[in-house]
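The structure appears below as structure tokens.
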Amino acid sequence: MRHIILITGAGKGIGKAIALEFARHTIINPAFRPVLVLSSRTPADLETAAAECRTLGAEAIVIQADISNAAQATGLAETVIGRYGRIDCLINNAGVGRFRPLCELTEEDFDYTIATNLKGTFFLTQKLFPVMEKQRKGHIFFITSIAAEKAFKTSSIYSMTKFAQKGLAEALRLYAKECNVRITNIMPGAVHTPMWGDVPDGMKALMMMPEDIAETVACAYFLPERASVEELVIRPIGGDINE
Ligand SMILES: NC(=O)c1ccc[n+]([C@@H]2O[C@H](COP(=O)([O-])OP(=O)(O)OC[C@H]3O[C@@H](n4cnc5c(N)ncnc54)[C@H](OP(=O)(O)O)[C@@H]3O)[C@@H](O)[C@H]2O)c1
599 MRHIILITGA GKGIGKAIAL EFARHTIINP AFRPVLVLSS RTPADLETAA AECRTLGAEA
659 IVIQADISNA AQATGLAETV IGRYGRIDCL INNAGVGRFR PLCELTEEDF DYTIATNLKG
719 TFFLTQKLFP VMEKQRKGHI FFITSIAAEK AFKTSSIYSM TKFAQKGLAE ALRLYAKECN
779 VRITNIMPGA VHTPMWGDVP DGMKALMMMP EDIAETVACA YFLPERASVE ELVIRPIGGD
839 INE
């Protein structure tokens, strides 16, 4: 059966690794035929990611959307449903962070972070969950962060959004458990992705890689549908790098 899988922020970092991991599963299990719907703001990144997925044998399409704009987030959902009539998996991965001491953060930092991490995630989920509810089948992932339950001095706004995403996942699960839909909150620690910019080799050695999170997502997705991984914390073996 075809699995329609929408991944936000699929152009790089963790989102791209998740797309490639699902694509790799078509080799492990030829009966798994995903349609990977890759979305973010940058078409060139998405086209590269889609080409890599196709090389692995998976069907991949690209939809550009800026989810910080509620109309684009709901438009993304409508395009997927208009095209395929169903959705099996939504990976709420797109996210941004502005990391500075509390008193240096601006209103622009606030609006930018809140719009993507909260508004975008909320309206996309709000539009797609009822489709899964009707199907009585589906899986929604939230790639939140360890910052969803642990504070760091330079991550005040980011942490606000991640605590809030965790709250959304928990509220949504109250609806989802009544209609056979799985809600998974993945809370990673430091992962070496473009979000961090350039990092020295010594620091990189202390971080996880995007593939580590992607494998975790696939493990949760491929469990029997009777089992739901509700929450997972995944940290570098040495713990958080900025403690
Ligand atoms: N890296 C870490 O250490 C870490 C740890 C815990 C949790 N996380 C979470 O994991 C998720 C992915 O992070 P990452 O490290 O992979 O970051 P990344 O490398 O910066 O990638 C972020 C992705 O989100 C997309 N994106 C950003 N704003 C968007 C918007 N308004 N609309 C649509 N797409 C948007 C980006 O593409 P465009 O810029 O082209 O739109 C990109 O594809 C985030 O939610 C992040 O908070 C990361």
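Each residue of the sequence shown is one higher than the last, beginning at 599 in the working numbering. Where a beta carbon is used, it is the ideal one built from N, C-alpha and C, also for glycine.
The C-beta distance from Ala663 to Gly673 rounds to 7 Å, short enough to meet the 8 Å contact threshold.
Taking the C-beta atoms as reference points, His737 is found nearer than 8 Å to Tyr819. With a contact defined as Cβ atoms closer than 8 Å, Ala788 and Asp838 qualify at about 7 Å. Buried is the label assigned to Asp686, since at least 16 other Cβ atoms lie within 10 Å of its Cβ. Counting only runs of 4 or more residues that sit fully inside the segment 623-696, the alpha helix (DSSP H) segments are 641-653, 668-682, in chain order. Rounded to whole angstroms, the gap between the alpha carbons of Thr653 and Leu618 is 10 Å. Residue environment: Gly765 is assigned as exposed (fewer than 16 neighbouring CB atoms within 10 Å of its CB, all protein chains considered).
For Ile738, the uninterrupted beta strand (DSSP E) segment begins and ends at 736-741. DSSP places Pro728 in the helix class (H, G or I) of the three-state scheme. Within the model, the alpha-carbon separation for Ser754 versus Phe697 is close to 8 Å.
Under DSSP, Asn783 takes part in a beta bridge, and its partners are Phe740, Glu829. The criterion of a C-beta distance shorter than 8 Å is satisfied by Val633 and Ile602. Val797 sits in coil when the DSSP states are folded into three classes, being neither helix nor strand. Taking Leu722 as the centre and dropping the five residues before and after it, the same chain places the C-beta of Thr606, Ile665, Ala671, Thr672, Leu674, Ala675, Leu688, Asn690 closer than 8 Å to its C-beta, in chain order. Residue nearest to Pro822 within the set Arg833, Gly836, Lys735, Trp794 is Lys735 (criterion: CA-CA distance).
Contact check for Ala656 against Thr624 passes: the beta carbons are separated by less than 8 Å. Of the heavy atoms belonging to ligand 1, none sits nearer than 7 Å to the Cβ of Ala669.
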